[in-house]
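S.K.: Chains Z and X are the protein sequences, given in the same order.
Each residue of the first sequence is one higher than the last, beginning at 15 in the numbering used here.
Each residue of the second sequence is one higher than the last, beginning at 475 in the numbering used here.
For every residue, glycine included, the Cβ atom is placed at its ideal position computed from N, Cα and C.
The structure presented is a predicted model; accordingly, all values stated were derived computationally and were not measured.
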Amino acid sequence: MFLHRHPRLIPYLLLLPGILFLVVFFLVPMYYLGFTSLQSGDLFAGYQFTWAWDNYRDAFTLYQSHFVRSLKYAGLATLIAFLISYPLAYWIAFRGGRWKNLLLLLVIAPFFVTYLIRTLAWKTILADQGIVVDALRTLHLVGEDGRLLATTTAVVAGITYNYLPFMALPLYVSLEQIDTRLIEAAEDLYASSVRAFLRVTLPLSLPGIFAGTLLTFIPAIGDFINAELLGTPRQLMIGNVIQSQFKEVADYPQAAALSFVLMAGILVLVLLYARAVGSERATRSAA
Amino acid sequence: MTDRITRRELIRRGAAGGMVLGFPSILAACGGGDGIEGEGAEPSDTAATTVSRELANRLVFANWPFYIDVNEDTNERPSLNQFTEETGVEVRYLEEVNDNEEWFGKYQAQLAAGDDIDRDIVVLTDWMAARMIRLGYAQRLDKETITNAANLQEALQSPGWDPNRDFSMPWQSGLTGIAYNKKTIGKVTTVDQLLTDPKLKGKVTCLTEMPDTIGLVMAAQGADPSSVDAGAFDSAISALQDAVDSGQIRRFTGNDYTEDLDTGNVWACMAWSGDIAAGLKNPDIEFTVVDTGSHLWTDNMIIPNGGDVFTASTYMNYVYDPVVAARIAAYVYFISPVVGAEDEIAQFDEEAVGNPLIFPDEEVLATTFIFDAEASDNPEYKEKFQAVIGA
Chain Z
15 MFLHRHPRLI
25 PYLLLLPGIL
35 FLVVFFLVPM
45 YYLGFTSLQS
55 GDLFAGYQFT
65 WAWDNYRDAF
75 TLYQSHFVRS
85 LKYAGLATLI
95 AFLISYPLAY
105 WIAFRGGRWK
115 NLLLLLVIAP
125 FFVTYLIRTL
135 AWKTILADQG
145 IVVDALRTLH
155 LVGEDGRLLA
165 TTTAVVAGIT
175 YNYLPFMALP
185 LYVSLEQIDT
195 RLIEAAEDLY
205 ASSVRAFLRV
215 TLPLSLPGIF
225 AGTLLTFIPA
235 IGDFINAELL
245 GTPRQLMIGN
255 VIQSQFKEVA
265 DYPQAAALSF
275 VLMAGILVLV
285 LLYARAVGSE
295 RATRSAA
Chain X
475 MTDRITRREL
485 IRRGAAGGMV
495 LGFPSILAAC
505 GGGDGIEGEG
515 AEPSDTAATT
525 VSRELANRLV
535 FANWPFYIDV
545 NEDTNERPSL
555 NQFTEETGVE
565 VRYLEEVNDN
575 EEWFGKYQAQ
585 LAAGDDIDRD
595 IVVLTDWMAA
605 RMIRLGYAQR
615 LDKETITNAA
625 NLQEALQSPG
635 WDPNRDFSMP
645 WQSGLTGIAY
655 NKKTIGKVTT
665 VDQLLTDPKL
675 KGKVTCLTEM
685 PDTIGLVMAA
695 QGADPSSVDA
705 GAFDSAISAL
715 QDAVDSGQIR
725 RFTGNDYTED
735 LDTGNVWACM
745 AWSGDIAAGL
755 KNPDIEFTVV
765 DTGSHLWTDN
775 MIIPNGGDVF
785 TASTYMNYVY
795 DPVVAARIAA
805 YVYFISPVVG
815 AEDEIAQFDE
825 EAVGNPLIFP
835 DEEVLATTFI
845 FDAEASDNPE
855 YKEKFQAVIG
865 A
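#1: Does DSSP put THR727/X in a helix, a strand or coil?
#2: List, from N- to C-terminal side, the alpha helix (DSSP H) runs of 4 residues or more that fit wholly inside the stretch 199-249 of chain Z.
#3: So the candidates are SER700/X, LEU674/X and VAL691/X; which of them puts its Cα closest to the Cα of ILE723/X?
#4: Along the beta strand (DSSP E) that carries ASN759/X, what are the first and last residues, could you check?
#5: When DSSP labels each residue in this structure, what does GLU564/X get in the three-state scheme?
#6: From this set, TYR541/X, ALA603/X and GLU546/X, which residue's C-alpha is nearest LEU568/X's C-alpha?
#7: Since TYR61/Z is in the beta strand (DSSP E), which residue starts that stretch and which ends it?
#8: Using the three-state DSSP reduction, which class does ASN774/X fall into: helix, strand or coil?
#9: Under 7 Å Cβ to Cβ from ASP795/X, same chain only, skipping five residues before and after it: list those, please.
#10: With 7 Å as the threshold, decide whether the Cβ of PRO247/Z is near any Cβ in chain X.
#11: Answer yes or no: do ASP782/X and ALA604/X have a C-beta to C-beta separation smaller than 7 Å?
#12: What are the start and end residues of the beta strand (DSSP E) that includes ILE819/X?
#13: Out of LEU216/Z, ILE256/Z, ILE239/Z and VAL208/Z, which one is the CA nearest neighbour of ALA171/Z?
#14: Going residue by residue through the stretch 586-649 of chain X, where are the continuous beta strand (DSSP E) segments of at least 3 residues, counting only ones entirely within it?
#15: If you run the structure through DSSP and keep just helix, strand and coil, what is VAL146/Z?
#16: Is GLU569/X helix, strand or coil by DSSP?
#17: Where does the unbroken beta strand (DSSP E) through MET251/Z begin, and where does it stop?
#18: Excluding the five sequence neighbours on either side, which residues of its own chain have a C-beta within less than 6 Å of the C-beta of ALA91/Z, listed in chain order?
#19: By how many angstroms is the C-alpha of GLN646/X removed from the C-alpha of ALA168/Z?
#20: Tell me whether LEU630/X is buried or exposed, calling it buried when 16 or more other Cβ atoms sit within 10 Å of its Cβ.
#21: Beta carbons nearer than 9 Å to chain X: which residues of the stretch 256-267 of chain Z have them?
#22: For PRO247/Z versus GLY705/X, is the C-beta spacing smaller than 7 Å?
#23: Between ILE659/X, LEU690/X and LYS657/X, which lies nearest to ASP666/X when the distance is taken from Cα to Cα?
#24: Under the rule that 16 or more other beta-carbon atoms within 10 Å means buried, what is PRO221/Z, buried or exposed?
#25: What's the C-alpha gap between LEU36/Z and GLY160/Z?
#26: Say whether the stretch 555-564 of chain X touches the stretch 731-745 of chain X, bearing in mind that this needs 3 or more beta-carbon pairs closer than 8 Å, one atom from each stretch.
#27: Give the residues of chain Z in contact with THR443/X, contact being defined as C-beta atoms less than 7 Å apart.
#28: For the ligand NAP, is there any heavy atom lying closer than 6 Å to the beta carbon of GLU560/X?
#29: What span of residues does the alpha helix (DSSP H) with ASN115/Z cover, start to end?
#30: Could you give the C-beta distance for TYR855/X and GLU760/X, rounded to a whole number, given that I count them as a contact under 8 Å?
#31: From this set, VAL806/X, ILE777/X and VAL798/X, which residue's C-alpha is nearest ILE591/X's C-alpha?
#32: For chain Z, is any of its Cβ atoms less than 7 Å away from the one on PRO539/X?
#33: Taking the DSSP output, what are the residues bridged to MET744/X?
#34: Got a sec: is the Cβ-Cβ distance from ILE863/X to anything in chain Z below 7 Å?
#35: If you check the beta carbons only, do SER810/X and ALA799/X fall under 7 Å apart?
#36: Note down the Cα distance separating LEU196/Z from VAL214/Z, rounded to an integer number of angstroms.
Here it is, written out as structure tokens:
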């Protein structure tokens, strides 16, 4: 009865569960993180809220190289994942035929194994005395003393591998929805297949590219498992620093400040990216 | 022999599992931002006298993975079963300590608030045991009950952080020294060689536990790791930094170094005696103490606030019986803190008899040091060490 008299409240009531969820699992933790990031003190004396902006200054000055490195690795991994996934998704969408579902399943198959185990498996594959390195040595692609494990290459490759499905699946979805008659029309109008691809297929798959790059880049930049297991101290990323500040040094304010800087950084990058791509084009469903 | 290989593999799996378990602890750590000073009770001087001398029905014992005797066929733990038979106390044995910091992070908020964490005994490494005591999170032992404490090795009787062993009893000790692959590199005996030999470039790992790594380097530089001063600490840090920058050190590791040794990714590294004593898959791996000084560390049983002091003390008394201690030592292959365990071990494991890694002689012990517990928990030192190990 109440709703009959106040029909305008209905949309808000429908939103309520979602809003509650965001408040409990996003706003409250954010507030807490922000609060922690402005504390000072130490483990034994306790941490007090003191508007300690120094934590933010330290986050920028002391850990700059880790931020830059994370940006570089995540960017590189996203680019490589894109270059691998696009042809893959294209092929499945347009040439997969009745195998489409099976092929998609194969893309996700590694996810049935936990993240950590997948990454540890690469340690075995890339081991100094393993077959991959041996083969590359025979081909003189890796020097006699050379190695793959515990290098930048291994870390970037690990990140690429682990996040590849996040790139491939959105790409597939947007490519799959393209009306092939549009491509036929382009070719009927004497566009070469390259031109048809560049003018029709690629722009129509833009939402997939946008979603895929974000889904890959955002978790990749905060990743710490790949650097930890496949790298050396010289490959550690900002995620490793945050982890060690929380767990080892027990400097919770510093760790919170670093987390905030990372989040804000990602937000700015995403906004710039959305702007460059044109958010309307990027998010418009191909349908 | 089979049981040892099994233990080795289990430890390796444990190391991987530990990382998985590590994630929640990071979250848990977030909950502690208010500081842990809280209402945590001060260690009560009267605890020992007011303790009720009545056994509880159950003892909850939190320990590290693969750190107690297991019968591989039945998957039972004989020493715990025997304790239950003798006392009627059921033991709930939890292999939940994978890492000192991680364990602390998980319970810190509750301990700070004065809550009962439902643990009667927890085994923590020297510096973390010291932290628990310093923060007032540990209870006084009922020393009258622990008559077997007389069997405690002399070298372990009065650490600086608990000089009369009022709050802690050692569980096991171990040595941190050097493990090397005798086939690929030959015997490596000095820390200097680890950090500078060009033949070992990229083939060396050190440990993420600061007392181990910094302690070994400080001792090699002629400094005294049992009482750390800032100058000597910084000089050890800079030697490590050079070795990281030059690519000499491949990684800093926890238990997982054994895997790198086995596969040949690493030829020489800082290592824990028990791991190598138990035997790796690769027969070419050997362990040596370091002439300049190996680290003698100890994991200690303490009673967290809320734990049942009398029941826990009764258990401590039980494991200080040399026969029980020998049974445990024969499985874990670290150093038993109990005098007399050596004489009893033959009935459990012939091969352990006279093994210098399980029963180090005077000569070996003379070259060991115990790392400064206060320095191991000094935030400034920890920060510097974390910066060298890459984060």
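M.R.: With the given structure in hand:
#1: strand
#2: 207-210, 220-235 and 239-244
#3: LEU674/X
#4: It should be noted that the sequence gives Ile, not Asn, for residue 759/X. Counting along the chain, the beta strand (DSSP E) containing ILE759/X begins and ends at 759-762.
#5: strand
#6: TYR541/X
#7: 60-63
#8: strand
#9: ASN622
#10: yes
#11: no
#12: No beta strand (DSSP E) holds ILE819/X; DSSP gives it neither H nor E.
#13: ILE239/Z
#14: 595-599
#15: helix
#16: strand
#17: It is not in any beta strand (DSSP E) - MET251/Z carries neither H nor E in the DSSP assignment.
#18: VAL170, ILE173, THR174 and ALA234
#19: 38 Å
#20: buried
#21: ILE256, GLN257, SER258, GLN259, PHE260, LYS261, GLU262, VAL263, ALA264, ASP265, TYR266 and PRO267
#22: no
#23: LEU690/X
#24: buried
#25: 49 Å
#26: no
#27: Nothing can be reported for residue 443/X, as the shown portion of chain X is limited to 475 through 865.
#28: Only the bare structure without any ligand can be found here, which leaves the ligand NAP out of the picture.
#29: 114-122
#30: Contact flag wrong, Cβ pair sits at about 32 Å.
#31: ILE777/X
#32: no
#33: ILE652/X
#34: yes
#35: yes
#36: 7 Å
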